[in-house]
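Participant: Chains as they are written, first to last, in this note's numbering: chain A, 1 to 148; chain B, 149 to 296. Each residue gets a CB set at the ideal place from its N, CA and C atoms; glycine is no exception. For reference, the structure I am asking about is given below.
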DNA sequence: TTTAGTGCAAACACTTTGCAAAGTA
DNA sequence: TACTTTGCAAAGTGTTTGCACTAAA
């Protein structure tokens, strides 16, 4: 079922174009990348592709459930294959480092929210900000209180 | 200690200006608001204040640890008082509804991440995307698979 | 008076849109 | 051929920056 997606496209009246194939290939290869990174990757094969095409392709692929995105901070969103094992991102606010952890890590959260708030968590979209292990080691808890 | 913040400012060589006071007041009052919403509120008192001043004030207040922000989706970030009880935001991807839940709800997650990944979660910055109770009721689980 | 802060306008980063030309089915 | 998709360029958000002027200390 590696190539099933093009049938999905055609079945819904969409066309299979090289641009869309390249975008999907880039998302697959880069694992998590911003539209611009995807664009750069696509351009290595087809240099004429426009960034707006990347956005349109991502929107379509997302709508078809082939890819998803997460916000890993302030800037551009990060896209990855929906088929990839879902995972949660831990983003270190200090060094920017991104760690992926398996969804089991958040299972207790998911069930607690479901149970207490009737909320169905989109685990693949979850990003947790904080401080990573090494940054804590570098500067043990300081908090934002008055320094001096 | 309601007004302690102006001492904090002066102690660090920053000045206490009406603009900053108004921004802090707006953040306090609005609970969670985007820079533009804060701007609108500030303008009700001082119509001449420029949006760039809002951004600069927010940056400063955040740096001082008086306010924090979270990303409640794609658009602009949402600011709130750091002193406010920390809370987690649940954002419904379908209707956009925002629910606040107490940090206890995510305590199991926090300790699991700490334990297994040495990661120190910034709870106040945490936003969970998913589907709220009422949207689930409206359209029971459909997933993005082929519809027909 | 001295130095930080503000308003203004221009520059930026990221994304979306209109439209004619090109390409898929 | 018929209709979708693309490239291009321009317009849109949201945010930042340079600089002369204003104001806090």
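Determine the burial state of residue 20 (chain A): buried for a count of at least 16 other Cβ atoms within 10 Å of its Cβ, exposed for fewer.
Facilitator: Flag for residue 20 (chain A) reads buried.
Participant: Given residue 217 (chain B), which residues of its chain have a CB within under 7 angstroms of its CB, disregarding the five upstream and five downstream residues?
Facilitator: Hits under 7 angstroms: 210, 225, 226, 227.
Participant: Say whether chain B places a C-beta atom closer than 8 angstroms to the C-beta of residue 86 (chain A).
Facilitator: Residue 86 (chain A) does not count as touching chain B.
Participant: Let me know the secondary structure DSSP gives residue 243 (chain B) once reduced to three states.
Facilitator: In this structure, residue 243 (chain B) counts as coil in the three-state DSSP scheme.
Participant: Grab me the residues of residue 290 (chain B)'s own chain with a C-beta within less than 8 angstroms of its C-beta, minus the 5 sequence neighbours each way, in chain order.
Facilitator: Model confidence at residue 290 (chain B) stands at a pLDDT of 48, short of 50, so the residue's coordinates are unreliable; what they give is reported in the following sentence. If we look at residue 290 (chain B) and ignore the five residues flanking it on each side, it has no Cβ neighbours.
Participant: Give the range of the beta strand (DSSP E) segment to which residue 218 (chain B) is assigned.
Facilitator: Taken as a continuous stretch (DSSP letters only), the beta strand (DSSP E) holding residue 218 (chain B) covers 215–218.
Participant: Classify residue 185 (chain B) as helix, strand or coil using the three-state DSSP reduction.
Facilitator: In the structure shown, residue 185 (chain B) sits in a helix (DSSP, three-state: H, G or I).
Participant: In terms of residues, what are the limits of the alpha helix (DSSP H) holding residue 20 (chain A)?
Facilitator: From DSSP, the alpha helix (DSSP H) with residue 20 (chain A) extends over 18–30.
Participant: From the beta carbon of residue 270 (chain B), is the nearest beta carbon of chain A less than 8 angstroms away?
Facilitator: It does: the Cβ of residue 270 (chain B) has a partner Cβ on chain A nearer than 8 angstroms.
Participant: Measure the CB-CB distance between residue 234 (chain B) and residue 271 (chain B) and report whether it falls below 8 angstroms.
Facilitator: It is a contact, given that the beta carbons lie within the stated cut-off.
Participant: Can you find a CB in chain B that lies within less than 8 angstroms of the CB of residue 16 (chain A)?
Facilitator: No, residue 16 (chain A) does not count as interfacial toward chain B.
Participant: Return the first residue and the last residue of the alpha helix (DSSP H) that residue 10 (chain A) is part of.
Facilitator: Here the alpha helix (DSSP H) through residue 10 (chain A) covers 4–11.
Participant: Quick check on this structure: which residue in B:238, B:160, B:175 has the alpha carbon closest to the alpha carbon of residue 110 (chain A)?
Facilitator: For the residues B:238, B:160, B:175, the minimum Cα distance to residue 110 (chain A) belongs to B:238.
Participant: Run the CB neighbour count on residue 279 (chain B), radius 10 Å, all protein chains shown included, and call it buried at 16 or more, exposed below.
Facilitator: Residue 279 (chain B) is buried by the Cβ-count criterion.
Participant: For residue 134 (chain A), write down the residues that DSSP places opposite it in a beta bridge.
Facilitator: Answer by DSSP bridge pairing: none, since residue 134 (chain A) is not bridged.
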